[in-house]
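Q: This is the structure I have questions about; it appears just below.
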Amino acid sequence: MSAQAPSAAVLVRPHHFHPNPQTEADNSFQTAGIPGGVASLAARARDEVTAVAAALQAHGVTVHLFDDDRDVTPDSVFPNNWFSTHAGGHVALYPMYAPNRRSERRSDIMELLKQRYRVQDVIDYSGLEQDGIYLEGTGAMVLDHVSRVAYVARSNRADPIALERFCTNFGYEPLAFDAVDEAGRACYHTNVMMCIATDFALIGLDMITSAERRQEITQRLAAPGRAVLSLSPAQVRDFVGNAIELRGSNGRILALSRRALNALTAEQRDVIESSVTVVPLDVPTIELAGGSVRCMIAGIHLEARPDTLPPTNAAQPGAGGAHPAARVDAA
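For the sequence shown, position 36 matches number 36 in the working numbering, and the numbering has no gaps at all.
Next up, the structure:
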C-alpha cells in the first residue's frame, strides 16, 4: 500500500445536484447562476460521476459507487467532507457547516467499509455541530500521511477545537495558516489550494498571508524529498490544487479535472508526469458547485478483507440514509 495514494475510493452519484445555496456565501469557487434547467444540470452531473468512476476503474482503482436520489443533499457528490479513512483501521465522521450537508452522512457507506475492509473503530465528531464547531474532513484538512501533518487553511469550516481533537486521536501534527484569494476572501477549504502526492505537492503559496508560514510550509512539504510546485491564484481558481493521487494497477495516477490539467504549465506537467500518470476528468458541471475531482473522491486508506472484497473495480450502488451520531465499533 502507498501511504499517500489509496487504491480504492468511494464516489457518490447525485440525482438532484445543484450549487448549494447554503454554502455560496463563503465558497468563492461556487457559481451562483445555473446554466440550463435544474433537471438538465442534475443529469449532466450524474453522467460526469459515472464517467469519473469508469475512468478510475479503467486505471485499476477500486471504486465503490453509491447513488443518492434524495433532493435535500445538493452537495452529496463531495463525500470527502463528511468521512475519512486511515491506516490501522480507523474512520472519522465530521461535523458539517451547512445544515443541509449533515444529511450526507450515510450508514450504508459505513457498513460497506466495515464489511469490505478492516475497520477497528469509527470516531464520530458530528455531535460538535450542536456547539457550532465544524471540521469538514479532507476538504478542511490536507493530510500528509508520510510526515503526519494536517495542513489547514483557517475558515469557518475548520474549527481549531475539532482540529486539535482529530490530530490527537489520529496522530497528526496540526499546521494551520491563513490563506485568501485575490479579493481577500478566506479559502473555504484547504483542498482547493493544496494537493500532496508522494513525490510532489501542488500549493497556492501566494495565497498564504504570512511569509514566515509560507516558508515553513514549503520546507515541511519538501522535507521527504517532494518537489513543491507553486500555483498561481488563477491556477487555484481552475482547481489545479483540487487533485488527488491514487494507486492504480500500473502505478500511481493523479486524478484532476481537464480544466485543471489545461491550466498547468509545461514545466509543472513535466515534474508531475515524471512521478505519476495524469488522468484528466471532465467535471465542468460539478465544478459549478465550487469543488472538483479531489472533493468528489473519498480515498480508502484501509486494509481490504480478502475474503469479502468484491472483484476489483466493482461499482457499489446504494441507497441514501443518515448515519446516527455515535461511536461505532466494527464487529
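Ideal Cβ positions, reconstructed from N, Cα and C, are used throughout, including at glycine. The model shown is predicted, which means the values in this text are computed figures rather than measured ones.
Less than 9 Å between the C-beta atoms of residue 147 and residue 200, yes or no?
A: Going by C-beta atoms, residue 147 is not nearer than 9 Å to residue 200.
Q: Taking the beta carbon of residue 262 as the centre, do at least 16 other beta carbons fall within 10 Å, making it buried, or is it exposed?
A: Exposed, by the Cβ-count rule.
Q: Reducing DSSP to helix, strand and coil, say where residue 195 ends up.
A: Strand.
Q: Taking the alpha carbon of residue 173 as the point to measure from, which residue in 143, 11 and 226 has its own alpha carbon closest?
A: Nearest option by C-alpha distance: 143.
Q: Looking at the secondary structure, which residues open and close the beta strand (DSSP E) in which residue 85 lies?
A: Here the beta strand (DSSP E) through residue 85 covers 83-86.
Q: Could you pull the DSSP bridge partners for residue 67 from this structure?
A: Note: residue 67 sits in a beta bridge opposite 13.
Q: Specify, as a first and last residue, the run of the alpha helix (DSSP H) that residue 44 falls within.
A: Taken as a continuous stretch (DSSP letters only), the alpha helix (DSSP H) holding residue 44 covers 38-58.
Q: What does the Cβ neighbour count give for residue 327, buried or exposed, with the cut at 16 atoms within 10 Å?
A: Bear in mind that the predicted position of residue 327 carries a pLDDT of just 27, short of 50, making it unreliable; the figure below should be weighed with that in mind. Exposed, because fewer than 16 other Cβ atoms sit within 10 Å of the Cβ of residue 327.
Q: So is residue 185 buried or exposed if we call it buried at 16+ other beta carbons inside 10 Å?
A: Result: exposed.
Q: Check residue 136 in the structure and name its three-state DSSP category.
A: The answer is coil: DSSP assigns residue 136 none of H, G, I, E or B.
Q: For my contact list, residue 94 and residue 126 are in at a C-beta cut-off of 8 Å; report their separation, rounded to the angstrom.
A: Contact flag correct, Cβ pair sits at about 7 Å.
Q: Run through the DSSP bridge pairs and tell me what residue 142 is partnered with.
A: In the DSSP output, where bridge partners are listed per residue, residue 142 has 151.
Q: Check residue 7 in the structure and name its three-state DSSP category.
A: Reduced to three states, the DSSP call for residue 7 is coil.
Q: Kindly confirm or deny that the stretch 283-292 and the stretch 60-69 touch, where touching means at least three C-beta pairs closer than 8 Å.
A: Contact between the stretch 283-292 and the stretch 60-69 is absent, because fewer than three Cβ pairs lie under 8 Å.
Q: Using a 10 Å radius around the Cβ and a threshold of 16 neighbouring Cβ atoms, would you call residue 161 buried or exposed?
A: Classification of residue 161: exposed, given that the 10 Å Cβ count is below 16.
Q: Could you work out which residue in 236, 291, 230 and 238 is closest to residue 267 when comparing CA atoms only?
A: If we check each option's Cα against that of residue 267, 230 comes out closest.
Q: Applying the criterion that 16 or more other CB atoms from any shown protein chain within 10 Å of the CB defines a buried residue, is residue 20 buried or exposed?
A: That one is buried.
Q: Taking the C-alpha atoms as reference points, what is the distance between residue 78 and residue 219?
A: Straight-line Cα distance between these residues: approximately 30 Å.
Q: Report buried or exposed for residue 153, applying the criterion of at least 16 other Cβ atoms within 10 angstroms of its Cβ.
A: So residue 153 counts as buried.
Q: Quick check on this structure: which residue in 42, 40, 13 and 112 has the alpha carbon closest to the alpha carbon of residue 53?
A: When only C-alpha atoms are compared, the closest one is 13.
Q: Which word fits residue 250, buried or exposed, when buried means at least 16 other C-beta atoms lie within 10 angstroms of its C-beta?
A: Exposed.
Q: Out of curiosity, what's the CA-to-CA distance linking residue 315 and residue 248?
A: In this prediction, residue 315 scores a pLDDT of 49, lower than 50, which makes its location untrustworthy; no coordinate-derived value is stated.
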